[in-house]
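Remarks on the structure that follows.
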């Protein structure tokens, strides 16, 4: 089994969103509930609304970016995709295209499938470059249909 996605995926997909929702969510609620005890700066009603706006902006950013990341593994016949709660396997012939976006520190990979599956028609993952390159070279015959499109 080849681990194709970066080890940062679990941090970005699970830890960071949970930390944001719980810690900053509780702090935002506290700013509205304990206005008088927070002093003149944080107790200001405008500060609570500004913090709520920042919290909601963070939730939207996490929802549309980090929660779209999946962990991807592969063996000689299947690609395994997990959101850390459920894992699904897809045969290679269902992959229509593999795309790469270089983000500097990371490479964002997109697996495009021929049809829509449980996690959708596109799977996004942060690539572990060495493992991905070694896997693509070792399975060039199985993934030959990707070079034609």
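In the numbering used here, the protein residues as written are 2 to 150.
Every residue, glycine too, gets a C-beta built ideally from N, C-alpha and C.
Among the options, whose alpha-carbon lies nearest the alpha-carbon of residue i?
i, options, result
"residue 121", "83, 142, 109 and 45", "83"
"residue 97", "112, 47 and 18", "112"
"residue 61", "141, 18, 143 and 11", "18"
"residue 141", "99, 48 and 12", "99"
"residue 105", "91, 123, 95 and 127", "127"
"residue 12", "123, 63, 27 and 46", "63"
"residue 143", "95, 45 and 28", "95"
"residue 49", "57, 16, 40 and 29", "29"
CA-CA distance, residue i and residue j?
i, j, result
"residue 51", "residue 134", "45 Å"
"residue 32", "residue 139", "55 Å"
"residue 115", "residue 23", "38 Å"
"residue 38", "residue 55", "22 Å"
"residue 102", "residue 132", "17 Å"
"residue 43", "residue 123", "43 Å"
"residue 40", "residue 46", "11 Å"
"residue 109", "residue 91", "20 Å"
Would you grab the beta carbon distance between residue i and residue j for me? Rounded to a whole angstrom, and I think it's under 8 Å.
i, j, result
"residue 136", "residue 53", "The Cβ separation is near 45 Å, so there is no contact."
"residue 70", "residue 125", "6 Å"
"residue 68", "residue 14", "7 Å"
Verify whether the separation of the beta carbon atoms of residue i and residue j is less than 9 Å.
i, j, result
"residue 79", "residue 65", "no"
"residue 21", "residue 107", "no"
"residue 118", "residue 89", "yes"
"residue 35", "residue 59", "no"
Task: Cβ pair count under 8 Å reaching 3, the region 4-21 against the region 60-76 - done: yes
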